[in-house]
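K.L.:
Residue numbers (UniProt numbering), protein chains in the order written: chain A, 1 to 201; chain B, 1 to 201. Have a look at this one before I ask anything.
There are 2 protein chains.
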Amino acid sequence: MVRQPAINAKHRTPLSTERIIEAALQIIDAQGLSRLTMRRLGDALEVEAMAIYHHLPRGKEQLLDGLVVHVAAVPAAVPAPGRGATRWRGALRDWARGYRERLLTHAGVLPLLVTRRNPAALAGTTASLREILRQGGIAEATAAVAAHTLLSYVIGHAAMEVRGTAAGGEPAATAAEPEGPVDWDARFLAGLDLLLAGLNP
Amino acid sequence: MVRQPAINAKHRTPLSTERIIEAALQIIDAQGLSRLTMRRLGDALEVEAMAIYHHLPRGKEQLLDGLVVHVAAVPAAVPAPGRGATRWRGALRDWARGYRERLLTHAGVLPLLVTRRNPAALAGTTASLREILRQGGIAEATAAVAAHTLLSYVIGHAAMEVRGTAAGGEPAATAAEPEGPVDWDARFLAGLDLLLAGLNP
DNA sequence: ACCTGAACACCGTTCAAGT
DNA sequence: ACCTGAACACCGTTCAAGT
Chain A
1 MVRQPAINAK HRTPLSTERI IEAALQIIDA QGLSRLTMRR LGDALEVEAM AIYHHLPRGK
61 EQLLDGLVVH VAAVPAAVPA PGRGATRWRG ALRDWARGYR ERLLTHAGVL PLLVTRRNPA
121 ALAGTTASLR EILRQGGIAE ATAAVAAHTL LSYVIGHAAM EVRGTAAGGE PAATAAEPEG
181 PVDWDARFLA GLDLLLAGLN P
Chain B
1 MVRQPAINAK HRTPLSTERI IEAALQIIDA QGLSRLTMRR LGDALEVEAM AIYHHLPRGK
61 EQLLDGLVVH VAAVPAAVPA PGRGATRWRG ALRDWARGYR ERLLTHAGVL PLLVTRRNPA
121 ALAGTTASLR EILRQGGIAE ATAAVAAHTL LSYVIGHAAM EVRGTAAGGE PAATAAEPEG
181 PVDWDARFLA GLDLLLAGLN P
């Protein structure tokens, strides 16, 4: 007869940086960034908090850096090199919509995107945007500017939406919103088109 | 002969919300947001930390909300109603440059701008931007979009700059910045013009 | 190699007490 | 009214110890 595994099995699936970051993201999405604690994260992984340090020696700092990369390092899909008239514009538009959605579903990570100084994290993302613009016939210098402008707009707009949405999530117009509740989706798309319209090869 | 004040004078200038927020901002600017502690803030004000709660009953939450308003609630100056051709464009450009500079000198507050849900904080700022656009002959609906777009861009770009600048502040091009060190000022102005050029009455 | 337990130096906040 | 002192329930992290 095979021995029953102990209640606290010693040989369960071991920890990994992947699993740690995913569990941390779940806590942030469900309860908010302020509730992400090494002790709580340990609980979620059914492990003592101190076990995490074996995989992330730099501790919580390293965890937060990993979360930013995990959420925000999403490159844009470069379209096939056939030069359609509005092809690259569509590619940028699609990426912007998807990227914004990702930022909003992980809104708790947004403040980390601002806090963590890490030039490398978004290097791939900006590079892919520049490449799309370059293939669209935009000059190298303006492509660099436009890539940065687009990324700044998407991140900034997501930040505005998160900070501008009241905690309770009430629909009525308050004194704070004299024009009534904002349709953030429509606002985002209109601003995006305004920005893309300014880009001409 | 006048009595010498005691070492710990009982009747020194009393605390005020103003003084508390200014002291907090000094700590953030000099040492970073993570070093802002109720106890350290008390030290800076030569008071026990618990005295702060008498002026800010909601504690640190209220302090952080106050900091956001203090730093980010800056309306744009609406130009005289004479309709110069590029007058309103210049007004928006000037405001954006000044606002960005303010955000960067208080970069430690930037994550709070994203975290704190407070629609009221930026209502005056967006209203002033809409007013400038409206006087420039922009239709009401597009003015609302453009105001949001501009503010999103400025905040997003400042966030990108802060997060994209390495902690040490080294000038050399690293693997993270394949195109070499970014001229953030130039980037910002170029993107700003790209955005403003898309606005036509 | 991987995890635990106890300990340390901090936090924000409450609450009764002082003046 | 305004501030203090002590206390409470948390933090992140170190470090020696277990398996």
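All residues carry an ideal CB built from backbone N, CA and C; glycine is no exception. Computed from a prediction, not measured in an experiment: that's the story for all the values here.
Examine chain A for any beta-carbon lying closer than 7 angstroms to the beta-carbon of Pro119/B, and answer yes or no.
P.N.:
Yes - at least one Cβ of chain A is within 7 angstroms of the one on Pro119/B.
K.L.:
Between which two residues does the alpha helix (DSSP H) containing Ala107/A stretch?
P.N.:
Element bounds for Ala107/A: n/a, residue is neither H nor E.
K.L.:
Can you pull the chain B neighbours of Arg93/A, defined as C-beta to C-beta under 8 angstroms?
P.N.:
Those do not exist, as Arg93/A stays about 15 angstroms from chain B at its closest Cβ, beyond 8 angstroms.
K.L.:
How far does the alpha helix (DSSP H) with Leu41/B in it extend, from its first residue to its last?
P.N.:
Leu41/B -> alpha helix (DSSP H) spans Met38 to Ala44.
K.L.:
What is the rounded straight-line gap between the Cα of Asp29/B and the Cα of Gly90/A?
P.N.:
Each residue's alpha carbon lies about 41 angstroms from the other.
K.L.:
Could you tell me how far apart the beta carbons of Ala51/A and Leu36/A are, in whole angstroms, since I believe they sit closer than 8 angstroms?
P.N.:
That pair is no contact at about 16 angstroms.
K.L.:
CB-CB under 6 angstroms to Ala121/B, same chain, minus the five flanking residues each way: which ones, in chain order?
P.N.:
Here the set comprises Val68, Val69 and Ala73.
K.L.:
Which residues in the same chain as Ile158/A place their Cβ atom closer than 8 angstroms to its Cβ, once the five residues preceding and following it in sequence are excluded?
P.N.:
The residue you asked about is not Ile; residue 158/A is Ala in the sequence shown. Around Ala158/A: Arg100, Leu103, Leu104, Ala107 and Leu110.
K.L.:
Say whether chain B places a C-beta atom closer than 7 angstroms to the C-beta of Ile20/A.
P.N.:
False, the Cβ-Cβ gap to chain B never drops below 7 angstroms.
K.L.:
Hey, how far is the Cα of Leu129/B from the Cα of Gly191/A?
P.N.:
The straight-line gap from Cα to Cα measures roughly 15 angstroms.
K.L.:
When you compare the CB of Ile132/A with every CB in chain B, is at least one pair closer than 7 angstroms?
P.N.:
No - not a single Cβ of chain B is within 7 angstroms of the one on Ile132/A.
K.L.:
Tell me, to the nearest whole angstrom, how far the beta carbon of Arg163/B is from that of Arg116/A; I am working on the premise that it is less than 8 angstroms.
P.N.:
Yes, they are in contact, since the Cβ atoms of Arg163/B and Arg116/A sit about 6 angstroms apart, within 8 angstroms.
K.L.:
Pull up the distance between the alpha-carbon of Ile21/B and that of Val114/A, whole angstroms please.
P.N.:
Going from the Cα of Ile21/B to the Cα of Val114/A covers about 22 angstroms.
K.L.:
By Cβ distance, which residues of its chain are closer than 6 angstroms to Ala127/B, with the 5 residues on each side in sequence left out?
P.N.:
No residues qualify anywhere along the chain.
K.L.:
Going along chain A, which residues have a C-beta under 8 angstroms from Ile155/B?
P.N.:
Those within 8 angstroms of Ile155/B in chain A are Gly156, Ala159 and Met160.
K.L.:
Mind listing the chain B neighbours of Ala166/A? Cutoff is C-beta to C-beta under 7 angstroms, in chain order.
P.N.:
Chain B residues near Ala166/A: Arg117 and Pro119.
K.L.:
Could you compute how far the alpha carbon of Ala186/A sits from the alpha carbon of Leu151/B?
P.N.:
Taking the straight line from one Cα to the other gives about 16 angstroms.
K.L.:
Whole angstroms is fine: what's the gap from Arg39/B's alpha carbon to Gly98/B's?
P.N.:
Approximately 33 angstroms between the Cα atoms of the pair.
K.L.:
When burial is assigned at 16 or more other CB atoms within 10 Å of the CB, is Asp183/B buried or exposed?
P.N.:
Exposed, since its Cβ has fewer than 16 Cβ neighbours within 10 Å.
K.L.:
Please identify the residue among Thr165/B, Gly137/B and Leu195/B whose C-alpha is closest to the C-alpha of His148/B.
P.N.:
It is Leu195/B.
K.L.:
Within its chain, find whatever has a CB closer than 6 angstroms to the CB of Ala49/A; leave out the 5 residues flanking it on each side and keep chain order.
P.N.:
Hits under 6 angstroms: Met38, Arg39 and Gly42.
K.L.:
Can you tell me whether Glu140/B sits near the ligand ATP, meaning its C-beta is under 6 angstroms from at least one heavy atom of the ligand?
P.N.:
For the ligand ATP, the structure offers nothing, since it holds no ligand at all.
K.L.:
Which value, in whole angstroms, describes the spacing of the CA atoms of Thr142/B and Phe188/A?
P.N.:
Spanning the two alpha carbons is a distance of roughly 12 angstroms.
K.L.:
Starting from the Cα of Val71/A, find the closest Cα among Ala139/A, Ser34/A and Glu18/A and give me that residue.
P.N.:
Nearest of Ala139/A, Ser34/A and Glu18/A to Val71/A, Cα basis: Glu18/A.
K.L.:
Locate the alpha helix (DSSP H) running through Ile21/B, then write down its first and last residues.
P.N.:
It spans Thr17 to Gln31 - the alpha helix (DSSP H) in which Ile21/B sits, taken as one unbroken run.
K.L.:
Pick out the complete alpha helix (DSSP H) segments inside the stretch 114 to 163 of chain B, 4 residues or longer, and give them in chain order.
P.N.:
Segments of the alpha helix (DSSP H) lying fully in the stretch 114 to 163 of chain B: 123 to 135.
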